[in-house]
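Enquirer:
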Amino acid sequence: MTGKWTVVPHRTPADVAEAEQIQARLRERVVLPAEPIEPPVTVTGLDISYAVGSERAVAAAVTIEVSSRDILEVGTAAGVVSFPYVPGLLAFREIPLLLAALDRLDRPPEVLVCDGFGIAHPRRFGLASHLGVLLDRPSFGVAKNEFIGTYAEPGTRRGEWSELREGDEVLGRAVRTRTGVKPVYVSAGHRIGLADATGLTVRLSTRFRVPEPTRQADIISRRVLRES
DNA sequence: GCGACAG
DNA sequence: ATCTTGTCGC
771 MTGKWTVVPH RTPADVAEAE QIQARLRERV VLPAEPIEPP VTVTGLDISY
821 AVGSERAVAA AVTIEVSSRD ILEVGTAAGV VSFPYVPGLL AFREIPLLLA
871 ALDRLDRPPE VLVCDGFGIA HPRRFGLASH LGVLLDRPSF GVAKNEFIGT
921 YAEPGTRRGE WSELREGDEV LGRAVRTRTG VKPVYVSAGH RIGLADATGL
971 TVRLSTRFRV PEPTRQADII SRRVLRES
C-alpha cells in the first residue's frame with residue numbers, strides 16, 4: 771500500500787541492525803535550509819494510539835489551518851504494529867501506520883509535524899526526519915519529553931526558548947508554548963529550519979502545551995482506537 | 001559496568 | 001505508548 775505521496779517506499783526491517791542500516795542510508799537525504807520556507811497555510815499533525823497488551827494501534831493525520839487552528843481534514847488508519855519500540859528506532863514502529871493515515875487525506879500535506887524528534891536524535895535521524903525524507907515534505911518534531919542533548923531552562927514566558935545541544939552542535943530548542951508550563955522540545959526534521967519550526971509550534975499552540983495538529987491527532991487516534 | 005532512553 | 005477520576009491549585 772504505497773501512499774500516493776510516498777516518494778521513498780518503506781519496508782519494516784527484520785531487526786535492529788537492518789533498521790540502523792536503513793537509517794544511515796536515508797539520513798543522507800536530509801536537507802536543512804538556512805533560509806525560511808514559504809509560510810504554510812496548513813500543517814498536518816501525526817500521532818498513534820496503542821491498545822494495551824496487544825499490537826493494535828490507530829494512527830491519525832490531522833490537517834490544521836495555521837491562521838485559525840481549525841481542523842480541515844482528518845485521516846485515520848487502524849492496524850497492527852510490526853516493530854518493537856526501541857529508543858532511537860521509533861520511526862520503524864510508527865511509519866507504516868502513519869503513511870496509511872496520510873493516504874486517507876485528500877489534500878497532500880504542506881508541512882508535517884510529528885510527536886517526537888527530528889534531527890535531535892542519537893544518529894540525527896528521528897521520526898520527523900524519516901517521514902519528511904520518505905514523503906519529501908518539510909517536517910519537524912515536537913516532543914513532550916527530552917531524549918538527548920542538554921539545555922538551559924528557557925525563560926518562563928510563552929514564546930521563550932533555549933537551545934538543545936550536544937557539545938557545539940545545535941539539535942533543537944526547548945520551547946515554552948504556555949507561560950509557566952514545562953517546555954516542548956522542537957527539532958527540525960527535513961526541509962525546514964529551527965526558526966520556522968519554532969514559530970509554527972508557538973503559533974499552533976495557544977491554549978495547550980502541545981500544538982494543535984499533534985494534539986488533535988492524539989485525541990482522534992485515541993477515540994478511533996477505543997471505538998474499534 | 002551502571003543508568004538513561006522520543007512514543 | 002498504556003492502566004485511570006476526581007481533585008487541588010493558579
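Quick note on the working numbering: the first sequence kicks off at 771 and runs consecutively.
C-beta atoms are modelled at their ideal positions from N, C-alpha and C, and glycine is treated no differently.
Since this is a predicted model, take the numbers as computed values, not measurements.
DSSP on Leu897, reduced to helix/strand/coil?
Expert: helix
Enquirer: Taking the alpha-carbon positions, what's the Leu970 to Val954 distance?
Expert: 13 Å
Enquirer: Just curious, the alpha helix (DSSP H) that Arg1000 is in, first and last residue?
Expert: Past the boundaries of the shown model lies residue 1000; the chain is included only from 771 to 998, so the question cannot be answered.
Enquirer: What does the Cβ neighbour count give for Ala847, buried or exposed, with the cut at 16 atoms within 10 Å?
Expert: Counting the other Cβ atoms within 10 Å of the Cβ of Ala847 gives 16 or more, which makes it buried.
Enquirer: Return yes when the Cβ of Asp885 is within less than 9 Å of the Cβ of Ala913, no when it is not.
Expert: yes
Enquirer: How far does the beta strand (DSSP E) with Gly969 in it reach, from first residue to last?
Expert: Taken as a continuous stretch (DSSP letters only), Gly969 belongs to no beta strand (DSSP E), being part of the alpha helix (DSSP H) at Leu964 to Arg973.
Enquirer: Give me the Cα-Cα distance between Leu974 and Val800, rounded to the nearest whole angstrom.
Expert: 24 Å
Enquirer: What's the call for Arg988, buried or exposed, on a 16-neighbour Cβ count within 10 Å?
Expert: Arg is not the amino acid found at residue 988; the sequence shown has Asp there. A residue is called buried when at least 16 other Cβ atoms come within 10 angstroms of its Cβ; Asp988 meets this threshold and is buried.
Enquirer: Got a sec, what are the start and stop residues for the beta strand (DSSP E) Arg826 sits in?
Expert: For Arg826, the uninterrupted beta strand (DSSP E) run begins and ends at Arg826 to Glu835, by DSSP.
Enquirer: In angstroms, rounded to a whole number, what distance separates the CA positions of Gly959 and Ser909?
Expert: A straight-line Cα-Cα distance of about 5 Å links Gly959 and Ser909.
Enquirer: Take Val856 and list the residues in its own chain whose beta-carbon comes closer than 7 Å to its own, dropping the five residues that flank it on each side.
Expert: Non-local beta-carbon contacts of Val856 in its own chain, meaning distances under 7 Å to residues more than five positions away in sequence, involve Val786 in chain order.
Enquirer: Inspect the beta-carbon positions of Leu901 and Ala861 and report whether they are closer than 9 Å.
Expert: yes
Enquirer: Taking the CB atoms as reference points, tell me whether Pro924 and Thr833 lie closer together than 9 Å.
Expert: Not in contact: Pro924 and Thr833 (Cβ atoms no closer than 9 Å).
Enquirer: Starting from the N-terminal side, write out each stretch of the beta strand (DSSP E) that is 3 residues or longer and does not extend beyond the stretch 848–901.
Expert: 882–885
Enquirer: So, helix, strand or coil for Arg781, using DSSP?
Expert: coil
Enquirer: Report back the beta-carbon spacing between Ala831 and Leu875 to the nearest angstrom; my notes put them in contact at under 8 Å.
Expert: 6 Å
Enquirer: Going by beta-carbon coordinates alone, are Val836 and Pro810 separated by less than 9 Å?
Expert: Yes; because the gap between Cβ atoms is below 9 Å, this pair is in contact.
Enquirer: Contact defined as beta carbons within less than 8 Å: I believe Leu897 pairs with Gly911. What is the distance between those atoms, to the nearest angstrom?
Expert: 6 Å
Enquirer: Closest by CA to Glu916, which one among Leu816, Leu941, Glu997 and Pro806?
Expert: Leu941
Enquirer: To the nearest angstrom, how far is it from the Cα of Thr814 to the Cα of Leu882?
Expert: Taking the straight line from one Cα to the other gives about 5 Å.
Enquirer: Terminal residues of the continuous beta strand (DSSP E) containing Arg943?
Expert: Glu939 to Val945
Enquirer: My output table needs one value for Ala958: the three-state DSSP class, helix, strand or coil.
Expert: strand
Enquirer: Check this for me: beta carbons of Ala794 and Phe895, under 9 Å apart or not?
Expert: yes
Enquirer: Counting along the chain, where does the alpha helix (DSSP H) carrying Ile807 start and finish?
Expert: It is not in any alpha helix (DSSP H) - Ile807 carries neither H nor E in the DSSP assignment.
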